[in-house]
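Residue numbers (my numbering): 3 to 458. Beta carbons are placed, not taken as given, at the ideal position from N, Cα and C, and that holds for glycine.
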């Protein structure tokens, strides 16, 4: 019954009917009289199934769901006129937990939206926002992921300026926010920048982080009252938007003087961790003495470990990179602990069945240049012409964002790099307290500059 609800799987279902009908006809009629009428038997079985009432919802037959699914395809993929399959299909497909979430969301938007209001879904959840909740889209791009190029992002921004949606769903737990592992704030940085300029956090409902247009909010909430939403931006994904070109001297920049750089260390570590008592995936803690530097999980299987212990442990091998702001760091102070997912506590290698080893530790000295904290009005970082190796790397990190490498082979000895940053939470000061820093590996540069909006 579930198979018939999807046209694609439904065809496989019909083919299965054909196969087993052939087998039955052949077994029951060796003379072949009934077998010659098998086409009529196919049609009869399909019609019979189409008339069966669905046990979960007696008001809808299989055929109703099948055709409603077919009719809804063009709406879901072709534009903003999204056609839901009706309340019956929603009841059939949604779990009790999801039904409760939908009920809460309907109540939330029902109390705050007028019939003419639109909503923009930045979380890539159009099935929920537009099909199930039946909210009116504010853009022709119902999937944010449909607008990746800067040109299409500008089209979305134009739509938002014209439609002026009352609410924006900025993030959701189950949407396609990270379908490629990249934060929407980075992948769609122009859209994100517009939203953060014109909307303010309102509430988190059923896993949806919802923003409201500032002029509808009444008295804008003070920044200190805005909760610290856990939406980290890994600046290591920025190379998707790196622009490399000739030096341009006629633009006006807000210059950041590169001076008083702090020394830090980039640690690279690899090894393995497993448990002899049970198959469980641990969280590994990179330690500098008693301080936790980074948490991560194993990412690969280690055949040598499995062979040595005569069993399969699953994922045991790990490799990680982290930064430590300590000038006199020694390898002897670097180690690992395990956060047991069952016992909910940290433990050492050798306790409670945990085994493991650090195979390699590398430490590289770097220099850190601190940027101003209040960066909301800046869009890009510009690195001036420099002299350095082609494999040099630029790293941005802060206390509120993950460390990440902006790694890209530089195509020429003299050029500039523009890094879009304005679409990030950190740069809009929504999350406070972190010092955003620029780290330069093995590079001699002339300086860094911040480009303001008015100059773009």
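DSSP three-state label for residue i, please.
i	result
residue 357	strand
residue 206	strand
residue 214	strand
residue 270	strand
residue 127	coil
residue 77	No answer about residue 77 holds up, because its pLDDT of 33 lies below 50 and its placement is not dependable.
residue 189	helix
residue 319	strand
residue 342	strand
residue 366	strand
residue 236	Its pLDDT being 44, under 50, residue 236 is placed unreliably in this model, and the coordinates cannot settle the point.
residue 244	Annotation note: pLDDT 42 at residue 244 (below 50); position unreliable, coordinate value reported separately. Note: residue 244 maps to coil in three-state DSSP.
residue 252	Residue placement at residue 252 is poorly supported in this model, since its pLDDT is 46, which falls under 50; the coordinates still yield a value, given next. Looking at residue 252 - three-state DSSP - the assignment turns out to be coil, as it is neither helix nor strand.
residue 436	Its pLDDT being 38, under 50, residue 436 is placed unreliably in this model, and the coordinates cannot settle the point.
Please report whether the beta-carbon of residue i lies at a distance below 8 Å from any beta-carbon of chain C.
i	result
residue 107	The structure shown contains no chain C; it holds only a single protein chain.
I think residue i touches residue j, with their Cβ atoms under 8 Å apart; what is that distance to the nearest whole Å?
i	j	result
residue 159	residue 192	6 Å
residue 284	residue 353	The Cβ separation is near 12 Å, so there is no contact.
residue 134	residue 121	Wrong, their Cβ atoms sit about 13 Å apart, outside the cutoff.
residue 267	residue 365	5 Å
residue 146	residue 157	Wrong, their Cβ atoms sit about 12 Å apart, outside the cutoff.
residue 106	residue 207	6 Å
residue 356	residue 277	5 Å
residue 321	residue 301	7 Å
To which residues does DSSP link residue i through a beta bridge?
i	result
residue 290	293 and 336
residue 298	286
residue 276	357
residue 517	The requested residue 517 is not part of the displayed model; the chain covers only 3 to 458.
residue 201	215
residue 347	342
residue 121	139 and 169
Nearest by alpha-carbon distance to residue i: which of the options is it?
i	options	result
residue 337	164, 361 and 330	361
residue 316	299, 328 and 136	299
residue 215	208, 199 and 207	199
residue 129	296, 178 and 304	178
residue 297	325, 309 and 147	325
residue 114	333, 205, 321 and 307	205
residue 332	269, 189, 197 and 164	269
residue 461	339, 212 and 346	Residue numbering for the chain in the displayed model covers 3 to 458; residue 461 lies beyond these limits and cannot be assessed.
residue 292	105, 157 and 334	334
residue 286	310, 303 and 351	351
residue 209	217, 275 and 175	175
residue 313	281, 301 and 322	281
residue 127	119, 143 and 102	143
residue 151	140, 186, 167 and 100	186
residue 190	153, 116 and 102	153
residue 140	167, 340 and 118	167
residue 161	197, 340 and 188	197
residue 367	118, 340 and 328	328
residue 155	194, 137 and 304	194
residue 359	119, 275, 303 and 100	275
residue 318	294, 310, 303 and 311	303
residue 363	330, 288 and 42	288
residue 117	347, 46, 136 and 103	136
residue 125	163, 173 and 108	173
residue 323	203, 100 and 295	295
residue 164	119, 203, 188 and 202	119
residue 112	100, 98, 138 and 123	138
| task | List in chain order: all unbroken alpha helix (DSSP H) runs of 4+ residues lying wholly within the segment 136–179. | result | Note on the segment 136–179: whole alpha helix (DSSP H) runs with a minimum of 4 residues are 152–165, in chain order.
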